[in-house]
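Notes follow the structure.
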Amino acid sequence: MVLLKCPVCGGDVQVDDNALPGEVIEHECGALLEVYMKDGKLALRVAEQIGEDWGE
Amino acid sequence: MVLLKCPVCGGDVQVDDNALPGEVIEHECGALLEVYMKDGKLALRVAEQIGEDWGE
Amino acid sequence: MLVVKAGGRVLQRNFDRLIESVRKVNDKVVFVHGGGDQVTETSKKLGIEPKFVVSPEGIRSRYTTKEELEVFIMVMSAISRHMVERLSTTKRTIAISGADGNAVLAERKKRIMIMDERGKKRIIEGGYTGKITSVNGGLFRQLMDFFDVIVVAPLAYDPTEPTLLNVDGDQMAFALAKELKPDALLLLTDVDGVLVDQKVVERLSPEQAKELSFKIGPGMNRKLLMASETVSSGVRRVIIANGLVDDPISQALLGKGTVVE
Amino acid sequence: MLVVKAGGRVLQRNFDRLIESVRKVNDKVVFVHGGGDQVTETSKKLGIEPKFVVSPEGIRSRYTTKEELEVFIMVMSAISRHMVERLSTTKRTIAISGADGNAVLAERKKRIMIMDERGKKRIIEGGYTGKITSVNGGLFRQLMDFFDVIVVAPLAYDPTEPTLLNVDGDQMAFALAKELKPDALLLLTDVDGVLVDQKVVERLSPEQAKELSFKIGPGMNRKLLMASETVSSGVRRVIIANGLVDDPISQALLGKGTVVE
Ligand SMILES: [Zn+2]
Ligand SMILES: [Zn+2]
């Protein structure tokens, strides 16, 4: 486990060591967070611009 | 060899036993003849509507 | 004017009768076709493995890779052209995609959320599907001065990438109807209409259609919800009907099927 | 107005620069594309063996089976649409085949004469290639009121079958030019122009072009003969130029290549 800070509320977030970039975590403050790689390390940002969609 | 009549000049035309339908023969009268099957036998008619053509 | 949508299965199983049916229409027709199964078939022949994703709600759907978009463009364009090939003997027909004259614009979903193999929610790069954002009504009206039938492939256009996008044929048809305000929008499917307790629901108000959409199976639920919205937006009738019968367009116009109005 | 033809190799090797070049034209453009190599490639991937026939004169040419026509329609349509996809950000562009609005009609050669494997002349069922019989000039002029670029696939239409037909892109371009009387017809190839003793022939009158056509290698000989006919029919200039350079259209219009006028 890696201990990171929530970019919204500043609270602690436990992230799995082998979490994959793109993985989404719902923090207890209600924020939807996305795991990403920053300088080779796991980091968190707010998950944006996502939606479902269908084609033919 | 099969002996057939030229439909243009009425003269004799020698056609190979194993000629294939569509095979074209230039008769000595100048007619361009096409071998075809009629009632299971080789026959001759004037070769029409042919041309070269290219696509892309 | 009519907007008609026929799914890929209707095209595959009833092409000749469908063409005859379009030929009989004494009015302008905007014809949207599907062809998902045909795309899958050609993709397989080309050795492209279909990719699926599962949404956080658990809905499995096809993911359109760039490679598959190529096949989608090829196959859908060929379907459009075969319609033109058949109709052009008696009807002035043209086939377009959403890019032609910026007919139908869409936005590519650059990032989508999925449930991955480990059961975790994850954001990944979106495929080449799009959400329709606008229809160029003026262009369709101009084209209708010279053409009787406008065939539209389920290919919308995102000019910011720029790229053609795979869009759902139903969504394409609904978007066109909302903009063009045809006398009717016909959705020709492989069933007799909306079925409740195995019986066709004959008529629905937009409100009833919306209500029923929440109680009904996938596929048809989206059709009903969109039909409700389309009628509310000012289209007189949306008819969900069987495309596998003889003269499916006339039959649908006679009210055989589910009429939302 | 310009009629521009670019062969499949130009599209494959210089697509981006070609698109930019079309974008720069301050005039209406009718753009005919080839794509024979791309069709062959996809046919191979689909496991379709190409079939060739030899004419009585000994010329070997591709025979278009029904199965291959399908691939031809798919691949050519996709090429057209990729051009529209790229151009539509700044130019009002539409892609058509010969069937759309009966734009370009042709006759399928129902029977052709070949030299068979045993060296005998034989008449066989013709493939799906066609000889262009007419161009609907009125339709092109109407479309040019609303579109800046009309992309035309080398697909003509035989309404008597009815079927789309594989036609040679050059023949398509020449037929369009003869009917539409553009300011120039540009043939963008993968060489610098007509070469004699490895030097580009810069200018030819129609008479000189015709004369030279009988002394020159296959491929270019047909281009020259058709160029001669086209200029004689009232088109001001036909320019055979290199499509693999930067801004090929401007360069051709500046006279880089072989100008028949
Ligand atoms: Zn938080
Ligand atoms: Zn004789």
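Protein chains in written order, with our numbering: chain A, 8 to 63; chain B, 8 to 63; chain C, 295 to 555; chain D, 295 to 555. Virtual Cβ for every residue (Gly too), placed ideally from N, Cα, C.
{"Query": "Beta-ladder partner(s) of Asp72 of chain B, from DSSP", "Result": "Residue 72 of chain B lies beyond the residue range present for chain B, which begins at 8 and ends at 63; the question has no answer from this structure."}
{"Query": "Within-8 Å CB hit, Ala50 of chain B to chain D", "Result": "no"}
{"Query": "Strand pairing of Ile534 of chain D, partner residues [DSSP]", "Result": "D:Leu481 and D:Thr552"}
{"Query": "Residues near Gln21 of chain B by beta carbon distance below 7 Å, same chain, minus five either side", "Result": "Met8 and Leu10"}
{"Query": "Under 8 Å between C-beta atoms of Val15 of chain B and Ala38 of chain B", "Result": "yes"}
{"Query": "Any residue whose CB is nearer than 6 Å to a heavy atom belonging to ligand 1, listed in chain order", "Result": "A:Cys13, A:Val15, A:Cys16, A:Gly18, A:His34, A:Cys36 and A:Ala38"}
{"Query": "Same chain, Cβ closer than 8 Å to Gly420 of chain C, neighbours up to 5 away in sequence not counted", "Result": "Arg402, Lys403, Lys404, Arg405 and Ile406"}
{"Query": "For Lys299 of chain C, the residue or residues it bridges with in DSSP", "Result": "C:Val326 and C:Leu481"}
{"Query": "Beta-carbon proximity check, Gly424 of chain D vs Ala400 of chain D, cutoff 8 Å", "Result": "yes"}
{"Query": "Where Thr383 of chain D meets chain C, residues with beta-carbon distance less than 8 Å", "Result": "Pro453 and Pro456"}
{"Query": "Residue-chain proximity (Glu35 of chain A, chain C), Cβ-Cβ < 8 Å", "Result": "no"}
{"Query": "Residues of the segment 8-27 of chain B whose Cβ lies closer than 7 Å to any Cβ of chain D, in chain order", "Result": "Leu27"}
{"Query": "Classification of Arg476 of chain D by the beta-carbon crowding that lies within 10 angstroms, buried from 16 upward", "Result": "Note that residue 476 of chain D is Pro in the sequence shown here, rather than Arg. With 16 or more Cβ atoms within 10 Å of its Cβ, Pro476 of chain D is classed as buried."}
{"Query": "Asp416 of chain D: first and last residue of the uninterrupted beta strand (DSSP E) it sits in", "Result": "Before going on, a small fix: residue 416 of chain D reads as Arg here, not Asp. Its beta strand (DSSP E) spans residues Lys415 to Glu419."}
{"Query": "Per-residue burial, Arg356 of chain D [other beta carbons within 10 Å of its own, 16 or more giving buried]", "Result": "buried"}
{"Query": "Environment of Glu55 of chain A [buried if 16+ CB atoms lie within 10 Å]", "Result": "exposed"}
{"Query": "First and last residue of the uninterrupted alpha helix (DSSP H) at Ile432 of chain C", "Result": "Looking at the sequence itself, residue 432 of chain C is Gly, so the reference to Ile does not match. It spans Gly431 to Phe440 - the alpha helix (DSSP H) in which Gly432 of chain C sits, taken as one unbroken run."}
{"Query": "Lys414 of chain D versus Cys36 of chain B: straight-line alpha-carbon distance, rounded", "Result": "19 Å"}
{"Query": "Proximal residues of chain C, C-beta to C-beta of Ala54 of chain A below 7 Å", "Result": "Ile417"}
{"Query": "Three-state secondary structure assigned by DSSP to Ile342 of chain D", "Result": "coil"}
{"Query": "6 Å Cβ shell around Ile32 of chain B - same chain, five flanking residues per side excluded", "Result": "Leu40"}
{"Query": "Length at least 4, wholly inside the segment 470-514 of chain D: the alpha helix (DSSP H) runs in chain order", "Result": "500-507"}
{"Query": "Chain-ordered chain D contacts of Gly29 of chain B [CB-CB under 8 Å]", "Result": "Arg416, Ile417 and Ile418"}
{"Query": "Interface residues of chain B facing Met295 of chain D [CB-CB closer than 9 Å]", "Result": "Result: empty, since nearest Cβ-Cβ is about 23 Å, beyond 9 Å."}
{"Query": "For Arg380 of chain C and Gln545 of chain C, the rounded distance between their alpha carbons", "Result": "21 Å"}
{"Query": "Beta-carbon gap between Leu470 of chain C and Leu458 of chain C smaller than 8 Å", "Result": "no"}
{"Query": "Whether Arg311 of chain C touches Asp541 of chain C by CB criterion (8 Å)", "Result": "yes"}
{"Query": "One or two residues paired with Ser527 of chain C in a DSSP bridge", "Result": "None; Ser527 of chain C has no bridge partner."}
{"Query": "Below-8 Å beta-carbon distance, Met368 of chain D vs any chain B residue", "Result": "no"}
{"Query": "Proximity of Ile444 of chain D and Ile373 of chain D at Cβ, strictly below 8 Å", "Result": "no"}
{"Query": "As assigned by DSSP and simplified to three states, the class of Glu364 of chain C", "Result": "helix"}
{"Query": "Chain A contacts made by the segment 373-406 of chain C, where a contact means CB separation under 7 Å", "Result": "Lys403, Lys404, Arg405 and Ile406"}
{"Query": "When C:Thr359, C:Phe441 and C:Val304 are compared against Asp321 of chain C, the one with the closest alpha-carbon", "Result": "C:Phe441"}
{"Query": "Length of the line joining the Cα atoms of Val494 of chain C and Glu555 of chain C", "Result": "16 Å"}
{"Query": "Among C:Ile367, C:Leu480 and C:Tyr451, nearest to Val529 of chain C - alpha-carbon criterion", "Result": "C:Leu480"}
{"Query": "Contact set between Ser428 of chain D and chain C, taken where Cβ atoms lie within less than 8 Å", "Result": "By Cβ distance, chain C contributes nothing, its closest Cβ being about 14 Å from Ser428 of chain D, past 8 Å."}
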